[in-house]
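Residues in the sequence shown are numbered consecutively from 1, following the UniProt record's numbering.
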Amino acid sequence: MADEQGATARETYDPHANIDRWLRVWRDERLFEAGDLTPASPKDEKRTLVVSMFPYPSGDLHMGHAEVYSISDTMARFARMRGHQVLNPIAWDSFGLPAENAARKRDLDPRDWTYGNIDIQAESFERLGISFDWRTRFHTSDPEYYRWNQWLFLKLYEHGLAYRKEAPVNWCPNDETVLANEQVVQGKCERCGTDVVKRNLTQWFFRTTRYAQRLLDDMDQLQGKWPDEILSMQRNWIGRSTGAHIDFAVEGRDEPVRVFSTRPDTLYGATFFVVAADSALADELCDAEHRTRFEEYRAGLASKAEMDRLAIDRPMTGVFLGRHALNPVSGEKLPVYASDYVLADYGTGAVMAVPAHDQRDLNFARAFDLPVRVVVDTGEADPAETGVATAGDGVLVNSGSLDGLRKDEAIARVIADLEQREVGQGAVTYRLRDWLLSRQRYWGTPIPIVYCDACGAVPVPDDRLPVTLPESGYTLRSEGGKAPLETAAAWVRTDCPSCGGEARRDTDTMDTFVDSSWYFLRYPNPHYEDGPFDPAGIAAWLPVDEYVGGKEHATGHLMYARFLTKVLHDLGMVPFTEPFTRLTNQGQVIMNGKAMSKSLGNLVNLQEQIAQHGPDAVRVTMLFASPPEDDIDWADVSPAGSVKWLARVWRLAGDVGAAAPASGDADQQLRVAVHRLVDEATQAMEAKRFNVGIARLMQLTNILRQAVDRTPGPGDEAVREGASALVRMLACFAPFTAEDCWVRLGREPSVLRAGWPEADPALLVEDRVTCVVQVAGKFRDRLEVAPDIGEEELQRLALGSGKVQAALGGAEVARVIVRAPKLVNFVPARG
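See the structure below:
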């Protein structure tokens, strides 16, 4: 038998040696295919769909890709080895701004850049050992796919869920396109980091607000299956508020201006009225005398980010519009101001200002010398003197008939009064805004609407879909403020589907979140031509059982996918209302405590790591470093250590496979140890604690190595059983090495067919357990007892301990805490 440390060159573990061989075996034997993708039988518990958020082809795979796909692949392999029919699909999120910007920078067609990167990533996925069913492959930039983006858009348009309006939008000056609220982070474009500004543009929206309450209510289905953090982020983003709509009459305007307030009980404390300076309402209310000052003020707003406008600790600015609003309960005239601290696209773009009880209102009142009236006595000092608003609950004062009431009573009284006089009503509002999906870029799905002078906006008929992108005659570079598709004059000109006259295509493309809001539904049959997805495939595989991806998508992609799934359910197209049954978030791969970036000089190249250590070691290192949701600092891990462990397993398999079976009974103590570790590894895998699972495999490696090198030796049946279990479990983490080891054990490939080992329940029963005995909570002794010992017997044995008696020192026992069979604690009486 070869010594573990003295292997010859022929016996040296090479992490790269057989990669091509196993890729060929897996491909030829179609090991990762899920059988019939559209079986007639409905989904059952043995049919599992594991999906990772699909990759964007910005270049080759990076460290983050290696982490997320190692996690999802481990899930898929574990389910497959436990007898599940597993679909582990792959597609590419191939439209989008980064590809267009990269193509523009390099003077390339976005198609060449995008599909070239996809081919590179596809090869890297294979060489990383990811067990995709490659029959599912598609790309969202394929006309065969984005045709159905357009079809779904038209379905939403038909049902009043897609509409076009002029609105203030987030504009990225660098990328020259609008952004949804979810794509603005700390006032900056999430893609390029440029400060976002506001512009008024006519844009397309999906009516997500119609589903706000259902998005909240259906989270009950996800409780305990999605991370609590993600559910909390979604609840906060939806932002349900209860209160009242209140109508304020305004001088010179026929219709009142409606505002929403969560605290209608403070209505008597309103001392002025504020409208968003960049809203149409402000423009309408401004009188001629104040027009010049207002327009100068509004012109300066374009460069202010939304987060800056909402900040409390900044100088307040605004301009009087020359009009007054009428407080509907007191009849008081309130001056109307325009200011940047009110946002046009939140609520009605107008607020009643109650400076004593709202800090931003108070800051504005102090800046413009406006009255501050306390109407809720909270016991705190007067805000007019302290400069600190009192936002808490208390007793109503200075509020007419409401005086002496507490908050809830006062709110109910005010709402009843408003409704009786028809100047307001109880209401629920949401922070969630409608999904702005227009993008002024080329590399996306064209919006299937044409504009006819005679017929207006006309949907493109189904039989004319897809509306494909022009392949020539356009420019990616801005020309006089024109969007790229506007420059494609021949493409823009078309005929009206309704009257046949001259018409113009819509020159915006869709937000790429539209692509990713339903792509997973197409996986069972990506070539289906009679609709966006195959109903038979939906019945067989959906909803997604395990979804893996970053928590940065909590209020973007995940919200949009949930919204569209509910729309499709209402249209009778899917039988479920939530798309992802379980969600796993992976952390980041960082370096020296910071996110990897070229500018910081701490970028780790995945391909270099694979070239140095092999794909299995990279996978094992990722999975062993931490639970999936935690960050991995690459400076703190050891791929070289993973190589050493895999080499130990490889040598162990060779030693066991080369030895003749021993005669006689198997080492029973070793069998017990093996089965207990198999059981612990299985529990860890079920809990997605892959780092714990690998730790148990490492323990198993150690005890088997000891058994091989000493007694009972490599031929013992318990050793052979343990080595088989070890290699089979290893197949989830290090698939290439596991295949090599399986052959070295003398078995026919593939190890995947052998399945996950099962622990024998009879070997998991403990004959004796250790009971800790304490006196006043301090350890005094330990006893070896039967696992089914009763509390009285355990207490009697513990009290008989000489160490316990010495610790008690003759004191009376006031109380005994018994947790059979593991703990007894004697609490002495105080002397």
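For glycine and all other residues, C-beta sits at the position ideal for the given N, C-alpha and C.
Exposure label - residue i; buried when at least 16 CB within 10 Å
i: A595; result: exposed
i: R27; result: exposed
i: H139; result: buried
i: C286; result: buried
i: D228; result: exposed
i: A814; result: exposed
i: L600; result: exposed
i: N181; result: buried
i: residue 848; result: The requested residue 848 is not part of the displayed model; the chain covers only 1 to 831.
i: I817; result: exposed
i: G331; result: exposed
Simplified DSSP state of residue i, which is helix, strand or coil
i: P828; result: strand
i: A2; result: In this prediction, A2 scores a pLDDT of 42, lower than 50, which makes its location untrustworthy; the coordinate-derived value is nonetheless stated afterwards. If DSSP states are grouped into helix, strand and coil, A2 belongs with coil.
i: M316; result: coil
i: Y211; result: helix
i: T292; result: helix
i: H84; result: coil
i: H16; result: coil
i: G349; result: coil
i: F563; result: helix
i: T701; result: helix
i: W443; result: coil
i: M219; result: helix
i: L823; result: strand
i: C741; result: helix
i: G59; result: coil
i: Y474; result: coil
i: K551; result: helix
i: K594; result: strand
i: P168; result: strand
Best match in the options for proximity to residue i [C-alpha to C-alpha]
i: G379; options: N363, L396, R366, V372; result: L396
i: A786; options: A806, L752, V804, L823; result: L823
i: L469; options: N181, D506, Y451; result: D506
i: F513; options: F533, H557, Y547, G501; result: H557
i: L321; options: V329, R293, D345; result: R293
i: E529; options: W151, P821, P264; result: W151
i: K43; options: D265, V643, L87; result: L87
i: P828; options: F248, D133, G809, V818; result: G809
i: M591; options: V185, D631, N585, G572; result: D631
i: G300; options: G400, L343, K198, I411; result: K198
i: V50; options: A34, A416, A754, T348; result: A34
i: F733; options: D60, A76, L23, R21; result: A76
i: E758; options: N363, T737, S724; result: S724
i: T770; options: I789, V185, L362; result: I789
i: Q699; options: E717, N170, L677, N691; result: L677
i: V178; options: D545, S438, T621; result: S438
Within 8 Å, strictly: CB atoms of residue i and residue j
i: V414; j: A244; result: yes
i: D358; j: A381; result: no
i: N336; j: V259; result: For the sequence presented, residue 336 should be read as Val rather than Asn. No, the Cβ-Cβ distance between V336 and V259 is not below 8 Å.
i: F32; j: Y519; result: no
i: A355; j: L370; result: The sequence as given places Pro at residue 355; Ala does not occur at that position. For P355 and L370, yes; Cβs fall inside 8 Å.
i: G719; j: L704; result: Before going further, note that residue 719 is Val rather than Gly in the sequence given. In contact: V719 and L704 (Cβ atoms closer than 8 Å).
i: A820; j: E784; result: no
i: A325; j: V372; result: no
i: R263; j: V428; result: no
i: S472; j: M352; result: no
i: Y297; j: V319; result: yes
CB contact below 8 Å: residue i versus chain B
i: E29; result: Given the protein chain composition of this structure (a single chain), no chain B is represented.
Could you tell me whether the stretch 795-812 touches the stretch 757-765, using the rule of 3 or more Cβ pairs below 8 Å? no
I want to know whether the stretch 535-545 touches the stretch 490-509 - three or more CB-CB distances under 8 Å. The count of Cβ pairs closer than 8 Å, one atom from the stretch 535-545 and one from the stretch 490-509, stays below three, leaving the stretches out of contact.
For the structure I just gave you, are there three or more beta carbon pairs, one from the stretch 160-175 and one from the stretch 200-210, closer than 8 Å? Yes, the stretch 160-175 touches the stretch 200-210.
Any contact of the stretch 420-434 with the stretch 481-492, i.e. 3+ C-beta pairs under 8 Å? no
Taking one C-beta from the stretch 94-103 and one from the stretch 438-451 each time, how about it: are there three or more such pairs within less than 8 Å? yes
Do the stretch 620-632 and the stretch 667-677 touch if we need at least three Cβ pairs shorter than 8 Å? Under the three-pair Cβ rule at 8 Å, the stretch 620-632 does not count as touching the stretch 667-677.
Are three or more beta carbon pairs between the stretch 177-195 and the stretch 369-379 nearer than 8 Å? no
Decide yes or no for the touch test of the stretch 612-620 against the stretch 634-650: beta carbon pairs closer than 8 Å, at least 3 of them. Inter-segment contact for the stretch 612-620 and the stretch 634-650 is present: three or more beta-carbon pairs are separated by less than 8 Å.
For the stretch 62-82 against the stretch 748-760, do three or more pairs of beta-carbon atoms, one drawn from each stretch, fall closer than 8 Å, so that the two count as touching? yes
Evaluate the contact criterion for the stretch 330-349 versus the stretch 254-274: three or more CB pairs, one atom per stretch, below 8 Å. yes
Determine, using beta-carbon pairs with one atom in the stretch 117-135 and one in the stretch 168-181, whether at least three such pairs fall under 8 Å. no
Segment contact, 8 Å Cβ cut-off, at least three pairs: the stretch 680-688 with the stretch 646-659: no
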